[in-house]
Every structure is written in C-alpha cells, then in structure tokens.
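K.L.:
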Ligand SMILES: Nc1ncnc2c1ncn2[C@@H]1O[C@H](COP(=O)(O)OP(=O)(O)OP(=O)(O)O)[C@@H](O)[C@H]1O
Ligand SMILES: Nc1ncnc2c1ncn2[C@@H]1O[C@H](COP(=O)(O)OP(=O)(O)OP(=O)(O)O)[C@@H](O)[C@H]1O
Ligand SMILES: [Mg+2]
Ligand SMILES: [Mg+2]
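Protein chains in written order, with my numbering: chain A, 349 to 864; chain B, 12 to 347; chain C, 12 to 347; chain D, 4 to 346.
(1) Rounded to the nearest angstrom, what separates residue 323(C) and residue 156(B) at their Cα positions?
(2) Using 8 Å as the Cβ pair cut-off and three pairs as the minimum, do the segment 181-199 of chain C and the segment 440-456 of chain A touch?
(3) For chain C, find out if any of its Cβ atoms is closer than 8 Å to the Cβ of residue 276(B); answer yes or no.
(4) Assuming the contact rule is C-beta atoms closer than 8 Å, residue 44(D) and residue 101(D) should be a hit. Round their C-beta distance to whole Å, please.
(5) On the premise that residue 99(B) lies in contact with residue 145(B), defined as a C-beta separation below 8 Å, what is that separation, rounded to the nearest angstrom?
(6) Contact check, residue 334(B) vs residue 152(C) under 8 Å by CB: the rounded distance?
(7) According to DSSP, which residues form a beta bridge with residue 273(C)?
(8) So residue 64(C) contacts chain D; which residues on that side make the cut at Cβ distance below 8 Å?
(9) Examine chain C for any beta-carbon lying closer than 8 Å to the beta-carbon of residue 280(B), and answer yes or no.
(10) With DSSP as the reference, please indicate the residues paired to residue 122(D) in a beta bridge.
(11) Please list the partners that residue 84(D) has in chain B, where partner means a Cβ-to-Cβ separation under 9 Å.
(12) Which two residues bound the contiguous alpha helix (DSSP H) that contains residue 103(C)?
(13) Suppose you measure from the CA of residue 359(A) to the CA of residue 639(A); what does that come to, to the nearest Å?
(14) So residue 554(A) packs on residue 383(A), CB below 8 Å; how close in whole Å?
(15) So what does residue 332(A) bridge to, in DSSP terms?
(16) Take every Cβ of the segment 52-66 of chain C, pair it with every Cβ of the segment 211-226 of chain D, and state whether three or more of those distances are shorter than 8 Å.
(17) Report the residue ranges of all beta strand (DSSP E) runs contained in full by the segment 457-537 of chain A; include only those spanning at least 3 residues, in chain order.
(18) Which residues, in order along the segment 148-159 of chain B, keep a beta-carbon less than 8 Å from a beta-carbon of chain C?
(19) Is there a Cβ from chain B that is less than 8 Å from the Cβ of residue 60(D)?
(20) Would you mind reading off the limits of the alpha helix (DSSP H) that contains residue 18(D)?
(21) Just the Cα atoms here: how many angstroms apart are residue 275(B) and residue 317(B)?
(22) Could you give the distance in angstroms between the alpha-carbon of residue 40(D) and the alpha-carbon of residue 293(D)?
(23) Nearest to residue 621(A) by CA position, among 667(A), 549(A), 657(A), is which residue?
(24) Would you call the CB atoms of residue 175(D) and residue 168(B) closer than 8 Å?
(25) Of all the options 111(D), 79(D), 151(D), 115(D), which has the alpha carbon lying nearest to the alpha carbon of residue 182(D)?
(26) Note down, in chain order, each residue of its chain lying with its Cβ closer than 7 Å to the Cβ of residue 150(B), except the 5 sequence neighbours on either side.
(27) Determine the chain A residues that contact residue 219(C) at a beta-carbon separation under 9 Å, and present them in chain order.
(28) Cutting at 8 Å between CB atoms, please list the residues of its own chain near residue 23(B), excluding the five before and the five after it.
(29) Between the alpha carbons of residue 320(C) and residue 291(B), how many angstroms are there, rounded?
(30) Which residues in chain D sit within 8 Å of residue 167(B), going by Cβ to Cβ distance?
(31) DSSP state of residue 168(C), grouped into three classes?
(32) Could you tell me whether the Cβ atoms of residue 798(A) and residue 819(A) are closer together than 8 Å?
(33) For residue 321(B), go through chain C and note every residue whose CB falls closer than 7 Å to its CB, in chain order.
(34) Should residue 544(A) and residue 385(A) be called a contact, given that it needs their Cβ atoms to be closer than 8 Å?
(35) Run down chain D in chain order and give the residues with a C-beta less than 9 Å from the C-beta of residue 192(C).
(36) Could you confirm whether any beta carbon from chain C is found closer than 8 Å to the beta carbon of residue 2(D)?
Structural data, given as structure tokens:
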C-alpha cells in the first residue's frame, strides 16, 4: 500500500440476501489522484461506493480507513461526509418534485443554522455557486423542470460544496466520488467536468470516478481498479496500459466490438415523415428506409431527444407520417394507436417509463403480445412463462429466471429484457432513446447485434443518443440536430465518432451565427 | 463485420419456478391462522361454535362486506382509493328501500336504478379524478360525503322496511348446503375478479396501470380509460353490495352501511398479504373477511365484552400482517 | 458531411420572473372562496352571521379539528398515513375523563399521562410500520381499532363528565378578542409547524423523506428515524387535540371523537391545494377547516336541513379542489 | 284553564318518589318460565344505557330463574344477524330486541326465528303511540311522548311562560319523531305564540353536527332561552356550544334518559334538569313483559317504569358520582316479586 494513501478499503464484503455482491475488495486511494473504478454492470462498483458512503453496511471484517483512522462499523453516513468524502451517486440522488435549492441544501453539510433557513439567501448563494461553474440554473426551479445535464450539474455542484464544507475541505483536501456522472453529459460538458476534476486534484484532493467509457478513463484517470463479480481483478496504471488491455481485463476475456456491415444501397423508405414540428421549432421532413438504422443526435437541448416520443404519439407534435401507404396525423397519434401500427418505443428511463420493476420479467416481456397468449380459458400463464424463458435465452438475460421481478435484474439485463419485449413484436419501426445508457461493454455488443438482426429482418430503427461510439457502431445514417431540427446528415463512411462530435458543435455554432 | 464472442458460460436452461415451502407458507399463513382460530373456538365451544349453522350464518352475513371489499380492490389495483364505496352501498340499498318498499316499484326496475346509481357515482369519481387530476382520496371522500347527504335527503333519515320478499329470498332465505345464496354470489364474484385479474388482458392492464402510470401509457395502455373503468366497476360492485344489504336486512337505513368502509379497507389490505402476497387479490380479501369475523363471532359467543372485539380486530390485523412480513423477511410491501 | 438547410430562430427567452399572478391566484384561491362564502352569508344574514360573536364561536369551536389536522399532516408530509389520530384524540380525552374527573387526579399529572398516551401510540405505529415494513394505512387502522377497544375498556363505555374546570377555562372560557383561547393555541401550533416545515432543515428532511425514501437514504437522511419521529409527533399532537376536546366539552366519551377522522383528512388534503399548493401545509389546513365550517355554519343559520350540510361539505371539497386544479392547468397533484 | 298551572301540574306529577303500579294481573312466573331460554340483542353494548338495561334484565331473569343471555355486539348488522342465528340454533324460546334496535332491519331473520317457534319482543324502542313492526309479538313501549310533554311543560314553567325552545331531535332514531312531536304540540298548546325550533341531527353525526348546529341557532336567534336535547348523550355537545357562545347560565338545558354523566352535569349545574328512568326498574319491567309474552298473558300497555325529574332539589339522591339506579327507591323490587308470585 502506498504511503500517501488517504483512503484504504480493506477486505470489503457485502451481501444482499444470499447474493455476495462484494467478495473482499481491497484498494486504496492516493492523495491527489484520479482513481477509476471499472467493471461490467453488476460487478459491484456502485455497491462499493455505497458501502463507502455508509448506505450499505458491509459484513464484519470489512475495514474502511479514512486519513489513517479506522471508521467504526456500522459506518455513519454523516461522519463520512463530514470527514470530506463527497458523493455523486449513480442516479444523482435528487428529488424531482422539489426545487434546486432544496435539493442543494437539505442534505448538504455546512448549512450554518439548521433552525432557520432563509431560502432567498440560500438561493442567492446557490446561484453564485452555479455561476462559479459558469452555469445559470434557476434555484427555484424544480429538478423535474431541468434538463438531464443540468440535473447532473446540480448533483456535482452539491458534492463540491459538501467537499468544501467538510473538515478535510478546509485543508483543500477531500475525496470526491463520482458514480457514472458522464452518461448524462454531452462531450463538451464532459470536457468541462474533467477540467474541474483536474483543478481540484491539483489542490490536493482525490477523485474516484466510475465510468463505462474507456476513452474517458484513459483521458482522466491515473490508476484504475477493475472489478469483476464482486472481486478486485487488477489495478492498472492508466498511462502504461493499452485500451484493449483495459477492456480485456474488465470482461475477463476478449470481446471484439460489434461492427456493423453498413449497406450503402438505397432502400425503399419504410416511414416518411413530413412537416413534423415539436415545440416551437420549425417543421422538417424525415424518412427512414426499410432495415435502415437512423441515428439522431446533437447537443443536449437541440431537440433530437424527443423525436422518438413524438413519432410514437407520446409527446405533443404536429405533422404527418406515412407508414405502409397509410397516412397518420401525428397530432392525433396515441401510443396505443402507434403500437397498433407496428411502432415500438423503448424509452430511456428504464424503470420509470419502459418497464415496471415490481412486476416479473414475464409480466413485462409479454405485455405487448398478450393477445397471442389467449387460450380457451383466458391467458395461458405457463405459456407466457415459457415465452419469457425463450426470450431470456435468446437475448442472454441473466439470471434466466423470468419469474423474478424486473427490478432485481442488473441494468444491462433489464435493458435486454425491455428490448426483447419489443423485438418479439417484429415492429415496422423501432424507436430507441439511449438504448445502452449505463450498460457495460459486453452487454452493449449483445444489444447491438440484436438490433442488427432486427434491422436485417426489415425493421427500421430510429435511435436517439448522445453516445457517439454507439452511433458509430450501429447507424447507417445520422442526423445531427440543432435548435429543434436536423441540420447535418452523415452517412456511410462519413460516420465516425470524431465526425459526429464535430458536426454537433459545428451545427450549433452555425445555427447560432445564422440566428444573429 | 460482426465478431461477437461472448465469454458467456454455457446457457443455463430455463429453470422451472421453484415451488418453495417458504413462499407457500407466506401464501397460506393467513389461512392457517384462520384454521387455528376455528380450532381454538371449536375446543372452547364444541357445540355452538362448531355447528354448521354458525358457519352458514357467518358465511351468509358477511357476504355484503366481501362484495364491498371486492369492489374496492379494483381501483386499489389500478392505484386509486375509493372511499365512496360504503356510501354507494348505502345509496343503492336506500334506493331499493325508497323505490321498492316505499313507492311500490317492481323489483327489476328498482335493481336497475340501484346498480345505475353505483355506475353514476363511479363515473363522477372518475370524472373528477381524471379530468381535474385530483388525488382519488380527496375526490372519493368528497363524493362519498355528498352521497351521504343525498341518502339522508331521499330517505328523510328514516329506516324503510318492507323490501320485496323475493329479493330477500334470493339473498338470504334460499340456501345451498344450508348457506344463504348471498355467500355464493360473493364467491362467484370473487372468482370472476380473480379470473379477470389473473387471466385476462384487461386484468394485466389494470395491474400495470397501478404499478406504473407512465410505463403503461408508453406501452399503449389507455391509462385514463382503465382508471375510469375501474372506478365505475368499483361503484357498480359497491351498489351490488347494497342490493345484497337490502336483501339481507329486508330494509334500508341511511347510516349503518357507512360503517363498512374501514372494515372493507382493512380486509383489502390484509388480503394483499395472502394468496398472492403483494397484490390486492380477490380470494385474499375473502379470507381476510372471514378470518376477522371468525374471531369476532367466537369472542361474542364466549360472551366477551364489546371492547374485546375491538382489541381482537385491531390486534389481529396488525399481528397477522406483521407475521406475514416476518415470513417474507420483512421486505417492504409495495402495493401501488 | 451534408449540411442541411439552416433555420434562423432566435434563442428561447430566459425563464420568466418568478412571482406571477397565476401562481398567487392558485395560492389564495381557497382564501378567496372562503371570503366569498362570508360575503354571501353576510348579505343574506347581515346581523347574525356577520357578528363578531359568530366568528369567535366558529374560530373557537373548530380548534380541536384544526389541531388534529395539523397532527396528521406531519406523517402525510413524510409519506405515511396516520388513521389512528382520531383514536389517539379520544384516548387522550378519555384518560383525562378517567383520571381527572373519575379518579380525582390533579390536572398536571393527568395531562402528562394524556400526552404520553399519544407518544406511546405513535411509537407503536412507528414500530410496526418500520420494523415490520408494513404499509402505514393498515398499521394505523389496526392500532386505531385496538385503541378504540382500550378506550371502551377504561371508560366502561361510559361518558364521563366533570373534567376540571380550570382546563375548561383555559381552553374555552377564557378569551382574547372574544375568541376562546383554544383558537390561539391551534394558531400557535400551526405557526410552529409552518415554521418547522418551511424554515428548518428538519422540516425539509421530512418532505424529502416523503418524496423519495431511497434518495433520502442515499443522501444520508436517517429515513427510519425521521418517519418514526413523525409518527410520534403526530401521536402527541393528536393527544393534544384530545386535551382540547376534553377541555371544550368538559367531559369525555368513548366514541364521538372518532368522527373527526375523515374531516381531518379532508382538511389536510384540501389544505394541500392552497398557500403552498402541492404540499401539505399548516395554514392551508387551518384555512380549509374554516372554509368548510363557515359554509356549514351559514347553512345551519339559514335553517337548512342536516343533509344539506353533507351536500355542501362533499360538494365544496371536490369543487374547491377542482377549481384550484383548473387554476394550475390541471397538473396532477403529487403529494408523496 | 291557565296554562301555567297545567304545566306545573305535569311537572309536579313527576317530582315525587315513584310508586309501583302493577301493569296487569299477577302470575306464577317461576312455573311458566321453567326451562325457558331468552336471548336479548341490544343495539350495541358500547352504549352505557344498554349495558345497564341488560344488567337489570339479567338480574330479574336470575330472580325468576330462567336462562337469559345478552348478545354482546357493537352496532353491527352482521352481529345482530349472528345473534338471531344463535338464538335459533341454540333453541332459545324467545328473542328480545332491546334498547333502540329497530327490528325492521332484521325482518328476514326474525321471520325465520318465528318460523322456528321463537317469540319475539322489543324492549325500550317504540313510543306508546307507535305501532310495532309486524314481525314482532310483544313490545315494551316507552312513554316518550309523556317525557316530551314533561320537557315542554318544564321549559314553560322555568322560563316563566315565555319559552323560546331549541329542540334537538334525531329522526333516524325511531321513537324520536313522536317524542319531538309531543314536545312541539305541548309547547304549542301551552303558548301558541312562542317560538320553537327543531334541529334534526342523525345519530352518526351527533359528535360533529350538534355543537355547530346549536351555536348557529343561538347566534341566529339570541332570544332562545331553553334547549331540549331529547337524549342525554346529546347534551355533552350542547354544553360546549353554550360555553363558546357565552350563553351558559342564560340558556338552560333539560334532557331525558337519566344517564349518570348528565346527572353529574345536573349536580354541577351545567344541565338544569334530567328526566330519569331507573334502568334497574326498566330491566324488571322488560322481563315482566317478556314473561307475559311467554306465558300467554296480554302485553303491558307500556314499559312499566316511572319517569322522575332530577334537578338541584333531588340530584344528590342519584349518587355522587351518579349512577343509573339510585334515587328512584326500590319499590319495584317488592312490586315485581309480588306480581310474579315469587313470595
Ligand atoms: N434486488 C435483488 N433481489 C434479488 N436478487 C437480486 C437483486 N439484485 C440482483 N439480484 C441477483 O443477483 C445476481 C447477480 O446479478 P448481476 O446483476 O450481478 O448480473 P450481471 O452478470 O452483472 O449482469 P450484467 O453484466 O448484464 O449487468 C442475479 O442472480 C440477480 O438476480
Ligand atoms: N439493494 C440491493 N439488493 C440486492 N442486490 C443488489 C442491491 N444493490 C445491488 N445489488 C446487486 O449487487 C450487484 C452489484 O451491483 P452494483 O450496483 O454495485 O453494480 P455496478 O457495478 O454499479 O453496475 P452498473 O455498471 O450497472 O452501475 C448486482 O448484481 C446488483 O443486482
Ligand atoms: Mg449486472
Ligand atoms: Mg453502478
């Protein structure tokens, strides 16, 4: 163990029921380093962080040593916070129906007078803190009113403030722990975040960051720990390790990235959309070919994200869609009607909009095909279970126990279930919103190949995403949005991660200029 | 090129759902508690308690509460409270009293009006909840109070007796195996609701709507329509309970039916800990009603003071649920 | 790279300033409705209705309901129902009847015991809800019923009169501006709760816990402790309401207090549509109670029949909330 | 005649210690009740009135020596139904519906009981002017209208012939309609031009509606000088209404039932007068009528229990704290024993 370590985690063991999530993980964080925590979905990264946060109580024998002092078990959440460990948890830990200032203050350290809170003054202070990061977020807006990026920033700024207010913070030290902060952030903001991280590391503090993005890992971290099935596999020096070596360590064996065989031939259009307008943006046209995968992207707020929902009748939009020779008025379209027309939508919010966590995999997966399971005596329950079992097998859902509640599966597996749910209906048009957000490398490749199979069977796919790597891997064509409408089109060999990033910024600045 | 070599372990076969003892124990704990009660009272009073007549009376006289409970579990499943159920029941029985007994209408049109009153009340609840997006608790509380006012008005606060004997016969006088028909109606309704919730698409949709409104919407379920229908069905079933109430008492009074509200909710929630734990379910509700009433009846027969009944009722409710929670390792209950 | 046609749309304007008329309208709609009622009855009965004595009577006599409502909004804020509030109230007033009036204890020890009973009931609720992870509805319903049994037992089902006159004096006889002191106690309590919920971190934590249990836990809020405390505070406040109830009636009876349960919930939910719409709040609750009682009083003075009161109560509840929903464009209410 | 002296005469009739007047011919109760079983279903055993009445009835039955069972319940229809069923299955000979429970709500069940050979009686439900439900054999009716007259006369006397009365009734309680009517009629007869008002509150809403109702009435008409809650349990909500409107002292209360807490209130001067009926006495009288039914004798015209005025004059005789039986003497014990040929 290194001498200047600020935090030792020794032999951390954590079990949920009879499932051992952490099997004795030991690692230490040095002063002033950026430490990456990598691993597949469900490998135990968030669990390790939640143990450190005092949210989960580890088993006897586990040891947390903070600044040379062994923290007594059970760990005390406030004590850890006070000693200068600040967290941005995986799902941010914000309450959507409450205001920014409430979220910033209620759980923060360093509210000087808990017996009288002057909300106006607090709001002013919060606004100043945002301003220091170049943000202008209304402190009295509710979290639900903010965009995903702004939400992420609220959580991050809150953690910084906690760090500053802690005992260690006065000495310019502390540990900032970020559990997958970047999936919400567009590339530009990731850069800003990393700038921020570097500046606080320079002041002597340490940062622990969890991410699935290998490029980010290579850019920002000094060392990475790789977890697999609750065990520490290796600790690597980022500078001296190859990208592929890191990936291989994570997965435990070699997985090649999914590579799409991109067709260049013109396809007959499956869907033609004319004059679609969402919100206040000007209308535009769009068409997707049979078996084509169309990506839509742009900076956050550029309006591409609501396109899948608009085509499904789930948000208000106007325009016309032609599908199989039938003309559909989008302003009258409802999700039920869209489904009847052969459309399918996989929302990004897994357990809030796509599936119900408290119901079983079987219940979730058979929802759109219930009419097929009608027997003489009503629904054929064993048949439904069989179907769910087959689909689980087909999509490699683990564990293969379709009677479990959806919520007890790992994120990647939930996503496979929800995708399987729609793919079995063989939709004409599959609408995706961030289909692999927070999904690990291996599972992503499986999802990509499943999508590719569907496309080859003729399904048209529209995928809204800010994940450029994903877009590069699966799309035949990409539309880049700015100010509510597509402004750049990339196709075939033009599609590279770099080109997408450039297009996003280029288009934004162009439209901004044009507006002036 | 598509190179995809997963490190995957060989695909495990689909495991059949394991029948595990603990889960079955959880499902049938309340039934066990019920049997235990019967055994205890049976030992204490072998003649009077264990008589078939005692059981048949118990089964028959609780049919009204069973039906009312079955009514409210439908909106509970779709995530709404219906606090107006007992008022609907009373309204329906009072309409029978007023139209049939006082004004001499025939039974058939009276029953149509009585059931229609449930439909109307359900529709009013649905309108306010869904059009104005108000919490169902406050709407049904308000509508229930309003209906109570209407009942006092149409009845002039009087008890009305003389409800058609043919209704009385079909509810409580005619018997099968010595048990009044009302019990079998309630059982039949429970079976229908169980079937609908478990084995029909409509039932699945109800459950999805209760567990996730947004998920349901995005899966093409017309959420508002489902909720509206569940309020209306709840109203009609509560009105049906009112019909049985009028048939059972041969009369209608403006108040006593209102006391059934809390027992019905207690039975619905207790029922959700048994048979299909974690879900409001029809047979669970039936068993809860009979579990609680068996205790009360046994105590009454033993001549226990009135307050002991309350102690038993409240105590049994909490203890029964607490035990069932112990069996399932105290996982939080999620109903809605 | 193919550049598609560019649009030239100006950037969206910055968010509008916060104080807007509509929002203020939403906040004070119920107050407006209340004033409207007063104006209408004032025109109809300028002498009797508009007298200060009428208002002081209204203010004084509803203090008990106000206090009970204030008690239940605390667990409501943290996401739990307390259906045992009315039973706690009755228990506390019965303890005063039994100890002070029947057994001749002094007032001070009696009050301590009465308030302690609320604390114990709250703690029992908290224990079952939190240790066994049972839904608060079923626990508090069961515990409430159990307490009702205890009340019947200790009172032998009797009404007990003769509660210490000094309690009666301090509650209802002594006055400030002609209004019985009970009103000011209730107002003071409302102010304290308002302050705590609005201006302290503890109060906001309650709200956090109510809106998101997991998120709160993740942020280091001791969720179970917060919920337990809110049950206990609710119990103690309900017991305080019982003290005022005994002081107001000068007696204690085992049943009548139980009727306050539904009115208290109605007032709590109606109150959540005003002052701080979307949140259970103290002054909203106070205003709701007085809005409803003003209507009832006016109607009674006009000589309306008893059923009209129910019609008004139920109708006003639903209509008032519906109007406030119209003002806020029928956004769904989210309380918990 | 002079209304004041009429009213005073009515009052005076009920101020003396009651004497026993036999309700009919004497009979050998022990002989005809031998081996008989009677089950009584009160409306609710959470009402003290019923508890005491049942005690009285049980005591009387014990003296005669037949099986008497009270079906303990809490105002629940299903419990009443269970009670009837129990009476049938345990081969009782008579079923008594007691203390305000309306037999109409048990129509089908009583018909079944009758078919099974049980005799059915009601105790302390109907007013003497009311007809009994056809499903019932004998009824021990109560002189509510007499009590009504007495209350009216009392208010008239105590206000010096200028009563402005607020009557609190409860139309959902069967006898309260003739009860209120007799108060209204008597007031009208004594003082045709005097104001009176009727506040009608259903039982389940007494706790929430009486107090505001009385307050509103007092504020709307400040000349109200007497309040007649027809049942004792209403008065606990009237007293705070007087306090809160500042009318205590100026406005008096008189009620009916002789419930101990109201007698205590008479002693403490919160209530001016309470008409009492000894429940021990009433229990014997009720058993008397049930036995008449069983022995084939004609029914008593009314429940043979005298009404006695309790006011500051004699309130101490009711006990401190008051109870249901003191203050009436025990003339009934001797009387009934003789009537039943127990001695
Ligand atoms: N809340 C829970 N309740 C019960 N069992 C759970 C729960 N969460 C996880 N499990 C179980 O723990 C085991 C490990 O699942 P895990 O999420 O680690 O899969 P995984 O291999 O990591 O999947 P992926 O790599 O796709 O994320 C599974 O059997 C899973 O069902
Ligand atoms: N509260 C819980 N109860 C039961 N099992 C849990 C619980 N929380 C996590 N698990 C299980 O523990 C394992 C580790 O989960 P964890 O959230 O730490 O994974 P992760 O590495 O953060 O994955 P991801 O990359 O998807 O965020 C998973 O199998 C998960 O299902
Ligand atoms: Mg996983
Ligand atoms: Mg994680």
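By construction, the Cβ of each residue, glycine as well, lies at the ideal position given by its N, Cα and C atoms.
P.N.:
On the basis of the supplied data:
(1) 9 Å
(2) no
(3) yes
(4) 7 Å
(5) Residue 145(B) to residue 99(B), Cβ: 18 Å. No contact.
(6) Between residue 152(C) and residue 334(B) the Cβ distance is about 17 Å, and since that is not below 8 Å, they are no contact.
(7) BP columns for residue 273(C) are empty, so no partner.
(8) 222, 248, 249
(9) yes
(10) 97(D)
(11) 68, 71, 72, 183, 259, 260
(12) 96-106
(13) 51 Å
(14) 7 Å
(15) This structure leaves residue 332(A) out entirely; chain A is present only between 349 and 864.
(16) yes
(17) 523-527
(18) 148, 149, 150, 152, 153, 154, 155, 156, 157, 158, 159
(19) no
(20) Per DSSP, residue 18(D) belongs to no alpha helix (DSSP H) and is neither H nor E.
(21) 20 Å
(22) 11 Å
(23) 667(A)
(24) yes
(25) 151(D)
(26) 136, 139, 140
(27) 443, 446, 450, 451, 454, 455
(28) Any reading at residue 23(B) must be qualified, since the residue scores a pLDDT of 42, below 50, and its modelled position is unreliable; the value itself is stated next. Within the same chain, residue 23(B) has no close Cβ partners at all.
(29) 35 Å
(30) 174
(31) coil
(32) no
(33) 156, 157, 159, 160, 163
(34) no
(35) Within 9 Å Cβ-Cβ: nothing; residue 192(C) doesn't reach chain D, min ~11 Å.
(36) Residue 2(D) lies beyond the residue range present for chain D, which begins at 4 and ends at 346; the question has no answer from this structure.
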